[in-house]
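Let me begin by presenting the structure, written as structure tokens, before commenting on it.
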Amino acid sequence: MALPLRLSRNGEHATDTELVLSLAEAEHLHASLCRALDGHPPPRDVPDCRDAVVAANAVDAAHALSAKVAEANRRSRGAL
Numbered sequence: 000m001a002l003p004l005r006l007s008r009n010g011e012h013a014t015d016t017e018l019v020l021s022l023a024e025a026e027h028l029h030a031s032l033c034r035a036l037d038g039h040p041p042p043r044d045v046p047d048c049r050d051a052v053v054a055a056n057a058v059d060a061a062h063a064l065s066a067k068v069a070e071a072n073r074r075s076r077g078a079l
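Per numbering that gives the first Met the number 0, the very first residue in the sequence shown carries number 0; after that it's consecutive.
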């Protein structure tokens with residue numbers, strides 16, 4: 000996955016680039032952003048992924064998701 004980024008320095012546009020992430024890295028980034036934004040109301044038009052959860056449950060869920068993503072990656076590599 001490639002996430003477009005616009006970087007700035009001292010408030011002025013410096014460059015446009017991409018942050019290239021594996022699917023697992025993108026999922027971890029998504030989970031981290033959800034946790035960081037927890038407590039702030041989400042926009043009305045986004046999926047509800049920011050419900051408050053116990054930290055241990057979030058970590059367990061992230062590990063389980065990572066394992067599923069890793070398995071899917073292994074299967075897709077095998078199909079190539």
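Beta carbons: idealized from backbone N, C-alpha and C, even for Gly.
If you're wondering where the values come from, they're calculated on a predicted model, not measured in any experiment.
For the alpha helix (DSSP H) containing residue i, name the first residue and the last one.
i, result
"Ser31", "Leu22 to Leu36"
Considering Cα atoms alone, identify which of the options is closest to residue i.
i, options, result
"Pro3", "Glu11, Asn9, Leu20 and Gly10", "Leu20"
"Val68", "Glu26, Asn9 and Thr14", "Glu26"
So, is residue i buried or exposed, given that buried needs 16 or more other C-beta atoms within 10 angstroms?
i, result
"Ala1", "exposed"
"Ser75", "exposed"
"Ala63", "exposed"
Is the separation between the beta-carbon of residue i and that of residue j shorter than 9 Å?
i, j, result
"Thr16", "Leu6", "yes"
"Ser65", "Ala23", "yes"
The beta strand (DSSP E) spanning residue i covers which residue range?
i, result
"Asp15", "Glu11 to Val19"
From the DSSP output, read off the bridge partner residues of residue i.
i, result
"Ser75", "According to DSSP, Ser75 bridges with nothing at all."
"Leu6", "Thr14"
"Ala1", "Val19"
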